[in-house]
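Residue numbers (the working numbering): 61 to 245. Some notes on the structure that comes next.
Quick look at the structure:
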């Protein structure tokens, strides 16, 4: 084999390896985009590029794999659904208190499922692994609840917070909860 043939062979192998790496990265990106949806896009925006966002999402999945997440029993789902109904009904008379209780109830349901309870951003990141489509709703509801504690949320924003919490709550319970008249979408 001549030197030029060896060089061509080495270059061909390098090109094939490069194409394989690029195809693998593209598949990884497509998989993460499909799984995380809007959460993927949010992270690309906050991290500055897709490679860093994908590293964050991979780390989330690895962290999540260590959790002992379980489905709630029928009895637990029933209890949480009953409590949710009470919170929704309370919204008409006391929206601020209802939103605070909705926030607390969602956290209790997440804790019962086995999610670790820490600071909100870590909780949202953990939730995003199993419920990437509603984590935006969790963030929006939490933001409104925090602003409400400072007296900065309107009744309409509180109504939207309840809608957001309900969407997450239904995902956490794997069930539909009754929609209260004052909080319909």
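C-beta: ideal position from N, C-alpha, C; glycine also.
Residue state for residue 234 is assigned as coil, using DSSP reduced to three classes. Nearest C-alpha to residue 215 among 137, 151 and 63: 151. By the C-beta density criterion, residue 166 is buried, having at least 16 other C-beta atoms within 10 angstroms. The C-beta distance from residue 204 to residue 220 rounds to 7 Å, short enough to meet the 8 Å contact threshold. DSSP, reduced to helix, strand and coil, places residue 192 outside both helices and strands of the structure shown, so it counts as coil. The segment 177 to 184 makes no contact with the segment 227 to 234; the number of CB pairs closer than 8 Å stays below 3. Distance between residue 129 and residue 65, taken at the CA atoms: about 57 Å. When only Cα atoms are considered, residue 69 and residue 105 end up about 41 Å apart. When C-alpha distances from residue 222 are compared across 172, 189, 184 and 154, the shortest belongs to 154. In the structure shown, residue 208 adopts helical secondary structure according to DSSP, grouped into three states. At a Cβ-Cβ threshold of 7 Å, residue 195 and residue 135 do not count as neighbours. In this structure, residue 124 places its C-beta atom within 7 Å of the C-beta atom of residue 189. Residue burial annotation: residue 164 is exposed, with fewer than 16 other C-beta atoms found within 10 angstroms of its C-beta.
The C-alpha of residue 172 is placed about 35 Å away from the C-alpha of residue 87. Cβ-Cβ distances below 7 Å link residue 110 to 89 and 104 in the same chain, with the five nearest sequence neighbours on each side left out; the list follows chain order. 102 is the residue among 102, 92 and 82 whose C-alpha sits nearest the C-alpha of residue 184. Membership of residue 157 in the alpha helix (DSSP H) is indicated by the continuous run 155 to 173. With at least 16 other beta carbons inside 10 angstroms of its own, residue 148 counts as buried.
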